[in-house]
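K.L.:
Sequence order for the protein chains is A and B.
96 is the number that our numbering gives the last residue of the first sequence; the numbers go up by one with no jumps.
438 is the number that our numbering gives the last residue of the second sequence; the numbers go up by one with no jumps.
Ideal Cβ positions, reconstructed from N, Cα and C, are used throughout, including at glycine.
This structure is in structure tokens; I'll ask about it shortly.
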Amino acid sequence: MQLISCPWCGPREEVEFHYGGQAHVAYPDDPAALSDEDWARFVFFRDNPSGPFAERWSHAAGCRRWFNAIRDTRSHELLDVYRMDEAQPARTGTS
Amino acid sequence: MTTDRRTAVPPGADLPDHPSFLWPNPDPAKSYDVVIVGGGGHGLATAYYLAKVHGITNVAVLDKGWLAGGNMARNTTIIRSNYLWDESSGIYEHSLKLWENLEAELDYPILFDQRGVLNLAHSLQDVRDSVRRVNANRLNGIDAEWVDADGVQELCPIVNVSPDVRYPVLGATYQPRAGIAKHDYVAWGYARAAAAMGVDLIQNCEVTGIDTVGGRVRGVRTTRGRVAAGKVALCAAGHSSVLAAMAGLRLPVQSHPLQALVSELLEPVHPTVVMSNAVHVYVSQAHKGELVMGAGIDSYNGYGQRGSFHIIERQMAAALELFPIFARAHLLRTWAGIVDVSPDASPIVGLTPIDGLYLNCGWGTGGFKATPGLGDCFAHTVAKDKPHQFNEPFTLERFTTGALVDEHGAAAVAH
Ligand SMILES: Cc1cc2nc3c(=O)[nH]c(=O)nc-3n(C[C@H](O)[C@H](O)[C@H](O)COP(=O)(O)OP(=O)(O)OC[C@H]3O[C@@H](n4cnc5c(N)ncnc54)[C@H](O)[C@@H]3O)c2cc1C
Ligand SMILES: [Zn+2]
């Protein structure tokens, strides 16, 4: 089974984790100002790259904390994990 | 369905390898009226109906691998049209009607077998949703009935309908005209017929770029050179986002691994198709005798055509809960495809903001059953530059207007 390194607990089995999709999607600053197109983009459109992807995971059956990871969607290899309050590692992009 | 044809061995079907002699293997020409990206079921069916119905034969189907080696080769072949909403009923029932005549249409045996599908209900809410769906189906002229637990047992004696299980079977919806077909033969039937009408089927030809000039598509770049095209139709299933991005288009789909598995070959034990959303497994028995099972997607995005083993474990546990007699069957093989899942679990089929570029994606875990219907409607869309009535609701714009076709929980949607 794939091991995922929780930044708080270290490597644990994948079944302990819950997937949260693309990371770094901020809630709109001024929701009232959004057009329908902007809302559609915020609610329904997410990146879907074949390659490195910055995404959220939650250690649901462990410390129950959310964190971010960079994972290659082709090999499923985790390239980086980092805490929510840490910046996205510079060496990889989301696309 | 013609029984004599069903038992006949299709040309090439007795061979271990792809029967490439059913169609020529040409090099790409410099230009085509229509280039279809993706040689799965959808791309091949679209090419067939473009040629057959619209007389457009200067067409190429380009695939990065071998023909129909993507989800078309990996799906569990469930065919049904018992979806909840009118929009879905339209396109899936159109497709089912085409399935019913497809062997004759293609003059090729596809082992289409209307053995019926049971969608089990395990809770009061399941029962209410199921009965509602039966009524909605009937209003749309789709065969559907509600059967109680005894009825389930009568239709499929090996289902455990004991009340002493965690998720007892309270009943099911039943669509008698639903069934299965042999996916490879469907692909080969369409490929052979399309090639015979002049369509170029080009394998090992990956599209790496889409050329546009002034908002109009001009052609594609491939690993085998540039190919000019009047129109480009995307049928890339799990890779749709990657293709669309080449034209600067962002799609509201996420690509996930979807796994399935088969047992060793067994005597016929399972006469129908059984699906359960609550226990989360679905099972049929293929013509050869293997039990074919699947369940839900792996949660994470993935392009690797493989998923995690705990998903398989859960799937087997669910299968044993419903079918205790499977306990002694052996798992033979597991695999995965890449499915393009949309936010409302409905497809996206139609025009794009780029002239001459047409989009077919978002079928996720359930597009095999749509193969003939989608092919017909998408060919119409490409030929007339206008959606067919049955794909008109399935625009990309619906995510902005809010006119979603939400088939998530409502339609027992899985496959
Ligand atoms: C395990 C599993 C079980 C399923 N079960 C069912 C079921 O029971 N019932 C049902 O209705 N549906 C089912 N589905 C869904 C169904 O298989 C798909 O919705 C359907 O096959 C998608 O259409 P397609 O056949 O054209 O896709 P594919 O066969 O995947 O065709 C897409 C093609 O595009 C090609 N391609 C991708 N990128 C490029 C590129 N850059 N250049 C050139 N070619 C490219 C690929 O090589 C591929 O051949 C299942 C899917 C899976 C994975
Ligand atoms: Zn943790």
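Which runs of the alpha helix (DSSP H) fall wholly inside the segment 262-329 of chain B and span at least 4 residues, in chain order?
P.N.:
Complete alpha helix (DSSP H) runs here, min 4: 263-269.
K.L.:
List the residues of chain B whose Cβ lies closer than 7 Å to the Cβ of A:A41, in chain order.
P.N.:
Taking the first sequence and counting its residues from 1, one reaches residue 41 of chain A at position 40. Those within 7 Å of A:A41 in chain B are F422, T423.
K.L.:
Say the cut is 8 Å; is the CB of A:H60 nearer than that to a heavy atom of ligand 2?
P.N.:
Here the question's residue 60 of chain A lines up with position 59 in the first sequence. Yes.
K.L.:
Taking B:V297 and B:V306 to be in contact with their CB atoms under 8 Å, please state how far apart those CB atoms are, rounded to whole angstroms.
P.N.:
Residue 297 of chain B sits at position 274 when you count from the first residue of the second sequence. Residue 306 of chain B sits at position 283 when you count from the first residue of the second sequence. Between B:V306 and B:V297 the Cβ distance is about 5 Å, and since that is below 8 Å, they are a contact.
K.L.:
Measure the Cβ-Cβ separation of B:Y106 and B:R156 and say whether it is below 9 Å.
P.N.:
Here residue 106 of chain B refers to the residue found at position 83 when the second sequence is read from its first residue. Here residue 156 of chain B refers to the residue found at position 133 when the second sequence is read from its first residue. Cβ distance < 9 Å, so B:Y106 and B:R156 count as in contact.
K.L.:
Please return the same chain residues whose Cβ sits closer than 8 Å to the Cβ of A:V26, not counting the five positions on each side in sequence.
P.N.:
Along the first sequence, one-based indexing puts residue 26 of chain A at 25. Cβ neighbours of A:V26 beyond the five flanking positions: F43, R47.
K.L.:
Taking B:A204 and B:I133 to be in contact with their CB atoms under 8 Å, please state how far apart those CB atoms are, rounded to whole angstroms.
P.N.:
Position 181 of the second sequence, counted from the first residue, corresponds to residue 204 of chain B. Position 110 of the second sequence, counted from the first residue, corresponds to residue 133 of chain B. Sure, about 5 Å apart at Cβ, within 8 Å.
K.L.:
Rounded to the nearest angstrom, what separates B:V304 and B:M316 at their Cα positions?
P.N.:
Sequence index remark: in the second sequence, residue 304 of chain B carries index 281 (1-based). Sequence index remark: in the second sequence, residue 316 of chain B carries index 293 (1-based). Cα to Cα, B:V304 sits roughly 7 Å from B:M316.
K.L.:
For chain B, check one thing: does any of its Cβ atoms lie closer than 9 Å to the Cβ of A:T95?
P.N.:
Here residue 95 of chain A refers to the residue found at position 94 when the first sequence is read from its first residue. Residue confidence is low: A:T95 scores 46 on pLDDT, short of 50, so the model does not pin down where it sits. Its coordinate-derived value is still stated next. Judged by the 9 Å Cβ criterion, A:T95 is not in contact with chain B.
K.L.:
Got a sec: which bits of the segment 322-336 of chain B sit with their beta carbon under 7 Å from any beta carbon on chain A, in order along the chain?
P.N.:
Those would be S322, Y323, N324, G325, Y326, G327, S331, F332, H333, in chain order.
K.L.:
Drop a sphere of 10 angstroms on the beta-carbon of B:N142, count the other beta-carbons inside from all chains shown, and report buried for 16 or more, exposed for fewer.
P.N.:
Mapped onto the second sequence, residue 142 of chain B falls at position 119. B:N142 should be labelled buried.
K.L.:
Could you list the residues in the segment 264-280 of chain B with a C-beta less than 9 Å from some C-beta on chain A, going in chain order?
P.N.:
Listed by position along the chain: S264, V265, A268, R273, L274, P275, V276, Q277, S278, P280.
K.L.:
Say the cut is 8 Å; is the CB of A:R57 nearer than that to a heavy atom of ligand 2?
P.N.:
Working through the first sequence from its first residue, we reach residue 57 of chain A at position 56. No.
K.L.:
If the cut is a Cβ gap below 7 Å, which residues of chain B does A:H77 touch?
P.N.:
In the first sequence, counting from the first residue as 1, residue 77 of chain A sits at position 76. Residues of chain B passing the Cβ test: G325, G327.
K.L.:
Give me the residue from B:T388, B:R189, B:N124, B:G232 with the minimum Cα distance to B:G483.
P.N.:
Missing from the structure shown is residue 483 of chain B; chain B here goes from 24 to 438 and no further.
K.L.:
So, under 8 Å CB-CB, B:K254 and B:G379 are touching, yes? Tell me the CB distance rounded to an integer number of Å.
P.N.:
Start at 1 with the first residue of the second sequence, and residue 254 of chain B comes out as number 231. Start at 1 with the first residue of the second sequence, and residue 379 of chain B comes out as number 356. 5 Å between Cβ atoms; contact.
K.L.:
Report all residues from its chain with a CB closer than 6 Å to the CB of B:Y72; omit the five preceding and five following residues, and keep chain order.
P.N.:
For the purposes of this step, residue 72 of chain B is identified with residue 49 of the second sequence, where counting begins at 1. Here the set comprises G398, D399, A402.
K.L.:
Mapping the DSSP letters down to three states, classify B:Q176 as helix, strand or coil.
P.N.:
Working through the second sequence from its first residue, we reach residue 176 of chain B at position 153. Helix.
K.L.:
Listed in chain order, which residues of the segment 353-378 of chain B have Cβ atoms closer than 7 Å to some Cβ of chain A?
P.N.:
Listed in sequence order: P366.
K.L.:
List the residues of chain B that A:F68 touches, going by C-beta distances under 9 Å, in chain order.
P.N.:
Within the first sequence, numbered from 1, the residue matching residue 68 of chain A stands at position 67. Result: empty, since nearest Cβ-Cβ is about 14 Å, beyond 9 Å.
K.L.:
Please state whether the Cβ-Cβ distance between B:F413 and B:G396 is less than 9 Å.
P.N.:
If you number the second sequence from 1, residue 413 of chain B lands on position 390. If you number the second sequence from 1, residue 396 of chain B lands on position 373. For B:F413 and B:G396, yes; Cβs fall inside 9 Å.
K.L.:
Quick one: which chain B residues come within Cβ less than 7 Å of A:R47?
P.N.:
Locating residue 47 of chain A in the first sequence gives position 46, where the first residue counts as 1. Neighbours of A:R47 on chain B, chain order: Q277.
K.L.:
Among all the DSSP beta bridges, which residues are the ones paired with B:W358?
P.N.:
Taking the second sequence and counting its residues from 1, one reaches residue 358 of chain B at position 335. Answer is B:A283, bridged to B:W358.
K.L.:
Just the chain B side, please: which residues come within less than 8 Å of A:Q3 by C-beta, in chain order?
P.N.:
In the first sequence, residue 3 of chain A corresponds to position 2, counting from 1. Ordered by position in chain B, the residues that pass the 8 Å Cβ test against A:Q3 are S331.
K.L.:
Can you check whether the C-beta of A:V82 is within less than 9 Å of a C-beta belonging to chain B?
P.N.:
Stepping through the first sequence from its first residue, residue 82 of chain A is reached at position 81. For A:V82, the answer is no, since every Cβ of chain B falls outside 9 Å of its Cβ.
K.L.:
Quick check: is the beta carbon of A:S51 nearer than 9 Å to any beta carbon in chain B?
P.N.:
As a first step, residue 51 of chain A is located in the first sequence; it is residue number 50 there, counting from the start. So yes, A:S51 belongs to the interface.
K.L.:
Anything in chain B within Cβ reach of A:Y20, meaning under 8 Å, just list it in chain order.
P.N.:
By 1-based counting over the first sequence, the position of residue 20 of chain A is 19. Those are S322, Y323, listed as they occur along chain B.
K.L.:
Return helix, strand or coil for B:D399, following the three-state DSSP convention.
P.N.:
The residue labelled residue 399 of chain B in the question sits at position 376 within the second sequence. Helix.
K.L.:
Counting only the same chain and skipping the five closest in sequence on each side, list residues whose C-beta sits under 6 Å from that of B:D223.
P.N.:
On the second sequence, residue 223 of chain B is found 200 positions in, with the first residue counted as 1. Cβ within range, chain order: P49, A83.
K.L.:
Let's test the definition: count the other Cβ atoms within 10 Å of the Cβ of A:S96 and tell me whether it reaches 16, buried, or not, exposed.
P.N.:
For the purposes of this step, residue 96 of chain A is taken as the residue at position 95 of the first sequence. Low local confidence applies: a pLDDT of 43 at A:S96 is under 50, so the model's placement there is unreliable, and no value is given.
K.L.:
Take B:F346 and list the residues in its own chain whose beta-carbon comes closer than 6 Å to its own, dropping the five residues that flank it on each side.
P.N.:
As a working mapping, residue 346 of chain B is identified with position 323 in the second sequence. Cβ neighbours of B:F346 beyond the five flanking positions: I181.
K.L.:
Using C-beta distances below 7 Å, list every residue in its chain close to B:H77, excluding the 5 sequence neighbours before and after it, in chain order.
P.N.:
Your numbering for residue 77 of chain B matches position 54 in the second sequence. Excluding positions up to five away in sequence, the list reads A402, A406.
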